[in-house]
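Here's the structure, in structure tokens; my notes come after.
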Amino acid sequence: MPKLEATPNNPLHTLTADQLEKLGQEFDALHDEIYAELGDADARYIRGMITFQRRLIAASRGVLLFSRFRPAWWAGTAGLSIAKILENMEIGHNVMHGQWDWMNDPNIHSSTWDWDTASPAAAWKHSHNFVHHTYTYVIGKDKDVGYEIFRVDPRQKWRPGYLLQPIGNVVLMLTFEWGVALHDLDFDAIKSGSKSKKQVAQELKAIGVKARRQIAKDYLAYPGVSAAATAAVTALNGGDPTQAARDSFKATLVADAVANVVRNIWSNAIIFCGHFPDQTFMFTEEEVANESRGGWYVRQLLGAANIDGSPLFHIMSGNLSFQVEHHLFPDMPSSRYKEIAPRVKEICERYGLPYNTGPFRKQWGTVQRTILRLAFPGGGPRPKPGPYVAPPEERAERERLVEALPAFP
Amino acid sequence: MVETGATPNVSFVRRQVSRIGRVMTSPLLPDDYFALIRPRWSTREVTGTVVRVNKERGNASTVVIKPNFPLEPHLPGQYLRLGMEINGIRHWRAYTITSDPDHPEGFISITSKHTEGGRMSPVLNQFVRSGQQVFLGEIEGEFTLPDPLPGQLLMVSAGSGITPILAMLRELDRRDRLDDVVHVHSSRSADDMIFGDMLRELADRRPGYRLVEIHTADHARFTPADLDHHCPDWRDRATFLSGPRELIDAVEEHYDAAGLSDQLHTERFQPVIGNGGGDGSGGTVRFRVSECDAECEAGVSILVGGENAGAKLQFGCRMGICHTCVGRLQDGAVRDIRTGAITEASGQMIRVCIHAPEGHVEVDL
Ligand code: FES
Chain H
18 MPKLEATPNN
28 PLHTLTADQL
38 EKLGQEFDAL
48 HDEIYAELGD
58 ADARYIRGMI
68 TFQRRLIAAS
78 RGVLLFSRFR
88 PAWWAGTAGL
98 SIAKILENME
108 IGHNVMHGQW
118 DWMNDPNIHS
128 STWDWDTASP
138 AAAWKHSHNF
148 VHHTYTYVIG
158 KDKDVGYEIF
168 RVDPRQKWRP
178 GYLLQPIGNV
188 VLMLTFEWGV
198 ALHDLDFDAI
208 KSGSKSKKQV
218 AQELKAIGVK
228 ARRQIAKDYL
238 AYPGVSAAAT
248 AAVTALNGGD
258 PTQAARDSFK
268 ATLVADAVAN
278 VVRNIWSNAI
288 IFCGHFPDQT
298 FMFTEEEVAN
308 ESRGGWYVRQ
318 LLGAANIDGS
328 PLFHIMSGNL
338 SFQVEHHLFP
348 DMPSSRYKEI
358 APRVKEICER
368 YGLPYNTGPF
378 RKQWGTVQRT
388 ILRLAFPGGG
398 PRPKPGPYVA
408 PPEERAERER
418 LVEALPAFP
Chain D
128 MVETGATPNV
138 SFVRRQVSRI
148 GRVMTSPLLP
158 DDYFALIRPR
168 WSTREVTGTV
178 VRVNKERGNA
188 STVVIKPNFP
198 LEPHLPGQYL
208 RLGMEINGIR
218 HWRAYTITSD
228 PDHPEGFISI
238 TSKHTEGGRM
248 SPVLNQFVRS
258 GQQVFLGEIE
268 GEFTLPDPLP
278 GQLLMVSAGS
288 GITPILAMLR
298 ELDRRDRLDD
308 VVHVHSSRSA
318 DDMIFGDMLR
328 ELADRRPGYR
338 LVEIHTADHA
348 RFTPADLDHH
358 CPDWRDRATF
368 LSGPRELIDA
378 VEEHYDAAGL
388 SDQLHTERFQ
398 PVIGNGGGDG
408 SGGTVRFRVS
418 ECDAECEAGV
428 SILVGGENAG
438 AKLQFGCRMG
448 ICHTCVGRLQ
458 DGAVRDIRTG
468 AITEASGQMI
478 RVCIHAPEGH
488 VEVDL
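These protein sequence lines are chains H and D, in that order.
Position 48 (the first sequence) corresponds to 65 in my numbering; numbering is contiguous.
Position 330 (the second sequence) corresponds to 457 in my numbering; numbering is contiguous.
Now the structure itself:
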């Protein structure tokens with residue numbers, strides 16, 4: 018690989034080794050503080066979320082038995098889409114990250130969880146938890162830099178194939194879960210032979226099994242049940258059962274497909290917004306050689322970007338709208354990110370580091386712009402934000418909180 | 128993987144419903160949806176409900192549990208793991224089953240002594256109320272009465288080590304075989320002896336059962352040399368021993384010195400890892416998730432080998448009890464270092480703390 022230039026004035030290089038060490042200790046302490054607090058209330062949150070999601074999906078599937086009727090189709094499809102999004106983001110992604118492992122509950126644990134998407138849990142945990150979260154945004158190491166198919170940093174060498182990037186981008190949005198499943202295979206490792214043939218075969222088989230189950234469920238079983246139910250009802254009322262069965266089979270199949278695509282587009286958007294907005298930095302292998310703990314934290318801060326939004330938006334994005342906090346503490350329960358965000362900002366401010374965030378429209382827009390622009394040769398670095406400065410309201414709130422503290426003996 | 132309860136024995140019909148229903152619920156099980164209606168309809172693991180808590184002498188409590196699925200029948204002296212959620216975190220600990228086998232409704236009980244600073248025992252002794260949900264592991268343990276029964280028995284116990292001995296004594300009583308049993312038990316005082324009243328009553332009723340109480344509050348501690356005094360014919364008796372580690376070590380040494388270790392049966396609660404059935408060949412391990420390669424010499428577990436090679440692996444007991452260290456064996460053969468048994472890969476889960484590679488293996492960890 019040709020030698021890559023480090024991004025000029027990457028804030029990583031403005032800190033001394035001493036500062037980095039202090040910063041590392043501060044983040045470690047924040048993590049430990051939250052971990053020491055975890056208890057019943059957190060357990061209730063995730064269990065409540067899982068129960069709600071399962072009720073919602075069961076109800077939506079029930080409503081879709083009558084998918085032949087417009088209102089039922091719309092209600093069922095909407096419910097199913099939301100349930101699939103919750104399952105994928107706030108539950109699946111976070112449980113498989115080990116955020117709830119501290120509960121020691123075998124039914125809500127990274128080692129046993131599997132999600133309602135095409136990619137098998139084991140392969141995803143390797144490529145995501147291990148490769149991506151360790152080598153975050155190190156070009157050439159983190160396979161999530163452009164997912165090996167896109168050029169998202171001008172320092173990646175242009176090839177004519179990248180001209181197809183805008184189309185590939187849309188295809189990936191629609192079929193994101195399948196893209197992730199294939200991505201987890203790690204084509205580089207296969208090519209370089211670092212993965213044994215046997216392992217590749219087993220992983221392919223695992224994808225095959227998972228795919229078969231997903232397809233059988235969404236595109237055969239539920240449409241079939243809808244068809245049977247509608248046919249029975251129609252026959253009882255003296256109608257034509259065959260036509261009714263055919264219609265509702267199709268309607269449910271389309272509903273399931275739409276829900277999967279909605280989930281794919283949404284998760285793709287949230288995940289791309291977490292890493293490819295203009296604000297984020299990428300790193301070269303030299304930059305991260307002999308990295309300290311503090312350096313690792315700074316890289317996570319710089320490589321990720323948040324999305325501003327309402328509480329509902331945060332839940333629907335699996336709290337990946339707190340991508341910065343998530344990257345700092347991948348194993349912290351997602352429900353705590355919101356709470357620590359002000360403290361992360363405060364640390365950023367003190368160390369003169371940026372805190373990447375922005376509204377969804379802006380984040381998504383810059384991602385799309387980058388993908389389009391870098392399909393063509395060239396392209397320069399995008400403007401990067403300066404150190405974080407708290408707006409006056411936040412400063413006032415911070416001061417108010419300090420004053421509000423009771424006097425401890 | 129995490130420590131989990133036993134797998135319930137479910138009926139054939141129920142299994143088929145699960146298998147077929149899975150088409151609609153994958154990657155979950157139909158059980159996960161049944162549990163929305165009633166949590167105990169889930170057959171993922173054996174759970175139980177606390178029925179009653181009896182205070183015992185010596186700062187202990189007996190907790191009576193109604194399992195939500197029929198348990199395997201147990202033998203007096205065996206134990207099971209009990210799991211409980213405390214402030215959002217599930218904890219596990221092994222307890223001897225103190226109830227008699229074959230309860231008509233399948234209830235069981237365990238008895239726990241309050242230990243200061245413990246995780247589970249303070250909760251079991253102070254806060255558990257009827258209705259509390261618990262998790263139940265498999266019935267385990269080799270510390271049981273042999274078949275056929277030896278003619279003369281000696282029981283040596285101390286403190287809460289009384290529990291398996293009590294279970295055996297009750298069994299002997301039931302079978303009317305309490306013919307010639309000497310029982311030497313140490314507790315702090317007469318008042319402090321768990322099940323003291325019950326055993327004294329037994330001694331009164333059964334001339335074949337002689338109870339020797341040693342009260343350490345006002346007498347010297349029991350040492351194995353005292354056996355000559357308490358039970359002069361100890362050499363002729365099959366001996367059952369249960370208590371704290373120091374006691375077990377001392378008595379074991381004493382029996383070894385007398386060349387009588389064959390007669391001694393002990394409950395250590397935790398098997399000691401030895402080199403079961405020879406050393407095996409050792410081998411190399413590929414950790415697929417951590418992307419790490421390790422070498423294990425003969426008799427070195429995959430867990431230890433992996434740790435030495437820098438892999439971060441999960442573990443709990445490190446002796447094959449808790450299943451925390453479980454990983455899927457994808458390729459190769461492994462040897463159980465407790466028993467020497469060899470398992471070939473077929474995608475099954477193995478406990479890496481008690482398995483050593485035989486040649487090259489690959490695990491999903
Ligand atoms: S079974 Fe407990 S660590 Fe292996």
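All C-beta atoms in this analysis are idealised placements derived from N, C-alpha and C, irrespective of residue type, glycine included.
Contact test: residue i Cβ vs the ligand FES heavy atom, cutoff 7 Å
i      : result
R217/D : no
G447/D : yes
F262/D : no
F442/D : yes
R478/D : yes
T451/D : yes
Strand pairing of residue i, partner residues [DSSP]
i      : result
A221/D : R208/D
E414/H : For E414/H, which the question treats as bridged, DSSP gives no partner whatsoever.
A365/D : L280/D
F300/H : V155/H
P376/H : D325/H
G486/D : G410/D
T393/D : L368/D
M476/D : R455/D
D491/D : R455/D
Y336/D : V308/D
E363/H : Paired residues: none, contrary to the question.
G190/D : Note on identity: in this sequence residue 190/D is Val, with Gly being the wrong assignment. Looking at the DSSP assignment, V190/D forms a beta bridge with V180/D and I237/D.
Rounded C-alpha distance that separates residue i from residue j
i      : j      : result
T151/H : D201/H : 15 Å
K212/H : S369/D : 51 Å
Y160/D : R71/H  : 7 Å
A407/H : S284/H : 30 Å
N323/H : Q173/H : 24 Å
H312/D : T225/D : 17 Å
G204/D : G311/H : 53 Å
D355/D : V191/D : 39 Å
K277/H : K234/H : A small correction: the amino acid at residue 277/H is Asn; Lys does not occupy that position in the sequence shown. So the alpha carbons of these two residues sit roughly 12 Å apart.
E303/H : V173/D : 53 Å
L326/D : A187/D : 16 Å
K101/H : T451/D : 30 Å
E199/D : H292/H : 53 Å
E130/D : C449/D : 5 Å
R455/D : D303/D : 48 Å
L492/D : I213/D : 28 Å
I481/D : F414/D : 16 Å
F393/H : S84/H  : 45 Å
D118/H : I125/H : 7 Å
Outcome for residue i when other beta-carbon atoms lying within 10 angstroms are tallied against a minimum of 16
i      : result
A352/D : exposed
E104/H : buried
N307/H : exposed
A58/H  : exposed
P275/D : exposed
D122/H : buried
W219/D : buried
K227/H : buried
W91/H  : exposed
Y222/D : buried
S257/D : exposed
T259/H : exposed
Q253/D : exposed
Residues that residue i contacts on chain C, provided the C-beta gap is smaller than 9 Å
i      : result
W119/H : The structure shown contains no chain C; the protein chains it does contain are H and D.
*Give, in chain order, every unbroken run of the beta strand (DSSP E) that is at least 3 residues long and sits entirely within the stretch 134 to 177 of chain D.*
The stretch 134 to 177 of chain D is shown to contain no whole beta strand (DSSP E) run of 3 or more residues.
*Starting from the N-terminal side, write out each stretch of the beta strand (DSSP E) that is 3 residues or longer and does not extend beyond the stretch 405 to 459 of chain D.*
If you keep only unbroken beta strand (DSSP E) runs of at least 3 residues inside the stretch 405 to 459 of chain D, you get 410 to 414 and 419 to 423.
*May I have a chain-ordered list of the alpha helix (DSSP H) segments no shorter than 4 residues that lie completely inside the stretch 212 to 282 of chain H?*
Runs found: 214 to 232 and 239 to 253.
*Identify every run of the alpha helix (DSSP H) within the stretch 240 to 315 of chain D, keeping only runs that are complete inside it and at least 4 residues long; order them along the chain.*
If we require 4 residues or more, the alpha helix (DSSP H) runs fully inside the stretch 240 to 315 of chain D come out as 289 to 301.
*Whole beta strand (DSSP E) elements within the stretch 83 to 142 of chain H, 3-residue minimum*: Here no run is fully enclosed.
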